[in-house]
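Enquirer:
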Amino acid sequence: MKTKNIYDLDPERLATTDEHGNRVYLYPEDVKGVWKSRRKVFYWFLIGLYLVLPWFYINGKPALFINISQREFTVLGSTLHGVEPILFFLMLASGIFLIAFITSLLGRVWCGWACPQTVFIQAIFLKVEALIEGKARERRELDKAPWSLNKIFKRSLKWMAFFLISLHIAHTFIGYFVGPHELFYMTMHTPSDNWGVFVATMLVTSIFLLDFGWFREQFCIIACPYGRMQSVAMDENSLVVSYDMKRGEPRRGAEGIDKANEGDCINCYNCVKVCPTGIDIRRGTQLECIACTQCIDACDDIMIKLKKPKGLIRYSSENQINGKPRKLMTFRSSVYVTIAILFISSFFYFLNASTKLNLVFLRAKVPFQVIEDGRTVINHFTLKLSHQGKQRFEVDFDVADVNLKDKIKIVTPIHPTIIDSPDKKIVLFFKISPDVLIAGTRKINVKVFDHLTNEVVAIKEVVLVGPSY
Ligand code: SF4
Ligand code: SF4
Numbered sequence: 445m446k447t448k449n450i451y452d453l454d455p456e457r458l459a460t461t462d463e464h465g466n467r468v469y470l471y472p473e474d475v476k477g478v479w480k481s482r483r484k485v486f487y488w489f490l491i492g493l494y495l496v497l498p499w500f501y502i503n504g505k506p507a508l509f510i511n512i513s514q515r516e517f518t519v520l521g522s523t524l525h526g527v528e529p530i531l532f533f534l535m536l537a538s539g540i541f542l543i544a545f546i547t548s549l550l551g552r553v554w555c556g557w558a559c560p561q562t563v564f565i566q567a568i569f570l571k572v573e574a575l576i577e578g579k580a581r582e583r584r585e586l587d588k589a590p591w592s593l594n595k596i597f598k599r600s601l602k603w604m605a606f607f608l609i610s611l612h613i614a615h616t617f618i619g620y621f622v623g624p625h626e627l628f629y630m631t632m633h634t635p636s637d638n639w640g641v642f643v644a645t646m647l648v649t650s651i652f653l654l655d656f657g658w659f660r661e662q663f664c665i666i667a668c669p670y671g672r673m674q675s676v677a678m679d680e681n682s683l684v685v686s687y688d689m690k691r692g693e694p695r696r697g698a699e700g701i702d703k704a705n706e707g708d709c710i711n712c713y714n715c716v717k718v719c720p721t722g723i724d725i726r727r728g729t730q731l732e733c734i735a736c737t738q739c740i741d742a743c744d745d746i747m748i749k750l751k752k753p754k755g756l757i758r759y760s761s762e763n764q765i766n767g768k769p770r771k772l773m774t775f776r777s778s779v780y781v782t783i784a785i786l787f788i789s790s791f792f793y794f795l796n797a798s799t800k801l802n803l804v805f806l807r808a809k810v811p812f813q814v815i816e817d818g819r820t821v822i823n824h825f826t827l828k829l830s831h832q833g834k835q836r837f838e839v840d841f842d843v844a845d846v847n848l849k850d851k852i853k854i855v856t857p858i859h860p861t862i863i864d865s866p867d868k869k870i871v872l873f874f875k876i877s878p879d880v881l882i883a884g885t886r887k888i889n890v891k892v893f894d895h896l897t898n899e900v901v902a903i904k905e906v907v908l909v910g911p912s913y
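The sequence shown begins at 445 in the working numbering and counts up one residue at a time.
1. Sorry if obvious, but does the Cβ on Pro-455 come closer than 7 Å to a heavy atom of ligand 2?
2. Below 8 Å, how does it come out for the segment 602-618 and the segment 644-660: are there three or more Cβ pairs, yes or no?
3. Count the other CB atoms within 10 Å of the CB of Ile-903; is the residue buried (16 or more) or exposed (fewer)?
4. Please report the straight-line C-alpha distance between Glu-706 and Ala-698, rounded to a whole angstrom.
5. Which of the three DSSP states is assigned to Pro-624 in this structure?
6. For the alpha helix (DSSP H) holding Asp-744, just list the boundary residues, first then last.
7. If I'm right that Val-843 touches Val-781 with Cβ under 8 Å, what's the distance once you round it to whole angstroms?
8. Among Ile-596, Arg-515, Leu-654, which has the Cα closest to the Cα of Ile-565?
9. Rounding to the nearest angstrom, what Cα-Cα distance links Met-445 and Asn-711 in this structure?
10. Taking the CB atoms as reference points, tell me whether Thr-737 and Arg-552 lie closer together than 8 Å.
11. With a 10 Å radius around its C-beta and 16 neighbouring C-beta atoms as the bar for buried, classify Glu-516 as buried or exposed.
12. Are there any heavy atoms of ligand 1 lying less than 7 Å away from the beta-carbon of Ile-450, as far as the coordinates show?
13. Is Tyr-687 helix, strand or coil when you go by DSSP?
14. May I ask which residues mark the beginning and end of the beta strand (DSSP E) holding Arg-807?
15. State the DSSP-derived secondary structure class of Gln-514, mapped to helix, strand or coil.
16. Start and end of the alpha helix (DSSP H) containing Asp-702?
17. Going by other Cβ atoms of all chains shown within 10 Å of its Cβ, with 16 needed for buried, is Gln-409 buried or exposed?
18. Within 10 angstroms of the Cβ of Thr-861, are there 16 or more other Cβ atoms? Answer buried if so, exposed if not.
19. Report buried or exposed for Phe-597, applying the criterion of at least 16 other Cβ atoms within 10 angstroms of its Cβ.
20. Hey, out of Arg-581, Ile-666, Glu-473, Trp-557, whose CA is closest to Thr-461's CA?
21. Let me check one thing: in DSSP terms, what residues is Ile-822 bridge-paired to?
22. Candidates Ala-735, Cys-719, Lys-749: which alpha carbon is nearest Cys-709's?
23. Taking DSSP's pairing of strands, which residues face His-831 in a bridge?
24. Below 7 Å, is the gap between the Cβ of Ile-723 and the nearest heavy atom of ligand 2?
25. For Asn-511, which of Asp-452, Lys-690, Val-810, Phe-621 has the nearest alpha-carbon?
26. Roughly how many angstroms lie between the CA atoms of Thr-885 and Phe-628, to the nearest whole one?
27. What whole-angstrom Cβ distance do Leu-520 and Ile-502 have, given they're in contact under 8 Å?
28. Work out the CA separation of Pro-624 and Val-916 for me, nearest whole Å.
29. Mind checking if Phe-486 is an interface residue toward chain C, Cβ cutoff 8 Å exclusive?
30. Is any heavy atom in ligand 2 found nearer than 7 Å to the beta carbon of Ile-734?
31. Let me confirm a value: Ala-704 is counted as buried when at least 16 other C-beta atoms fall within 10 Å, else exposed. Which label applies?
32. Quick check on Met-445: does DSSP put it in helix, strand or coil?
33. One question on the structure: do Leu-490 and Pro-498 come within less than 8 Å of each other, judged by their Cβ atoms?
34. Can you check the segment 534-600 for any alpha helix (DSSP H) of at least 4 residues that lies completely inside it and give the ranges in chain order?
35. Between Glu-732 and Ile-723, which are expected to be in contact by the criterion C-beta below 8 Å, what is the C-beta distance as a whole number of angstroms?
36. I want to check one thing, is the minimum distance from the CB of Tyr-713 to the heavy atoms of ligand 1 below 7 Å?
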């Protein structure tokens, strides 16, 4: 009886599960080739970009900075202030339809070429693993072997290296949210000085460590939402990694086929051995395929040795594989790109039309002063005014509660305050009658209104402080 090859996958279940539903750990073999070289260059370009971007400043601002607490988003020197829900929705919707458009044209190009999961695992984690534990066959044997000093040493070394790499990737990630210099400053102090950031960094490190070091292809197969969505966006014209069945079949060893009638596939399983998700691309386009091109290089290598044309596995559309022309723009892709353009246009329309003014009160170092023999308390603030539209504002400030108007006065250096840039800072004083303070504090609303029309453009709460008698 013919022995079944271990790479002859069961058609009834995933390559990464056994007959009991347990995970089958994969040991993808390394591959060399044109596509691998291209991906390697691109991966290291992306990793470099990821690591330096938070340290790179344009117009005095980080190249990319996401300030969640202030709802500010800085990209390439421009800041979106107080991102409103409508703008956030339009950004998200534009991104989804742009991705759907790209997927309809180029299949899962994101997964194979730019997804952090693929980039970090392929360019770093698998390399480190091979350096410490050896090639795929040696790694498989080490896994099966009983625990020994050698196994404990290699495993400890590997996980220590993985931890340090994950720690570095996680610090850069957190740097996008708190600023790289602030993060560097925090790392020079004890965790108890910044518990929140410390816990977040450790959490992100653990996620990266487990995902890139152990969970790997399982994330692409069972957890990634984009993986589920891509089959909806793709059609027979989308460019995917495909096996040319007409040319390859009947493959070598197929029952009842003599050598003269065999196709180009010699059934060497090299395409399966190198696949990071463990699938056999000869079964057609599958949900698990992340379009990493490893199988293209593996098969091309065989074709070169056999002196046959390369491309038995290649980037191609289903239509092209079946001898039909590939339509570049289909109805589906036109719909996606039209909707994406509509959302992007709406985003810029709302952005420019926005009249929303955002206020941030920054309290001075000395919280209050008492003057006029205790009859007046002064609170001193720097007020950050920002907006995302193109409108110029001429505004005045007042206390929103009419009952407090006589008791609390707002003093600004000039009247009206002119806001003619997206970012403006002014100095602002509150002159407070002490009797309005309750146990030394008073929460009030400050009204910002248009100098000419009296129309209210913003209201912001601020806490005033003073002596507690
Ligand atoms: S690598 Fe090429 S020749 Fe070998 S099994 Fe895969 S498709 Fe066939
Ligand atoms: S089938 Fe080929 S392209 Fe798809 S994941 Fe496997 S190796 Fe990558």
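Beta carbons: idealized from backbone N, C-alpha and C, even for Gly. Because the structure is a prediction, the values reported are computed rather than measured.
Expert: Quick answer:
1. no
2. yes
3. exposed
4. 8 Å
5. helix
6. 738-749
7. Actually they are not in contact, since the Cβ atoms of Val-843 and Val-781 sit about 51 Å apart, beyond 8 Å.
8. Leu-654
9. Any answer about Met-445 is weak, because its pLDDT of 49 lies below 50 and its placement is not dependable; what the coordinates show is given next. Each residue's alpha carbon lies about 18 Å from the other.
10. no
11. buried
12. no
13. strand
14. 801-807
15. coil
16. Counting along the chain, Asp-702 falls outside any alpha helix (DSSP H), and DSSP gives it neither H nor E.
17. The first residue shown for the chain is 445 and the last is 913, placing residue 409 beyond what the model contains.
18. buried
19. exposed
20. Ile-666
21. Gln-813, Lys-875
22. Lys-749
23. Leu-801
24. yes
25. Phe-621
26. 35 Å
27. 6 Å
28. Residue 916 falls outside the range modelled here, since the chain spans only 445 to 913, and no answer is possible.
29. Considering every chain present, this structure includes no chain C. It has just one protein chain.
30. yes
31. exposed
32. Only weak support exists for where Met-445 lies, its pLDDT of 49 falling under 50; the value from the coordinates is given anyway. In the structure shown, Met-445 sits in coil (DSSP, three-state: anything other than H, G, I, E or B).
33. no
34. 553-557, 560-564, 570-577, 580-588
35. 5 Å
36. yes
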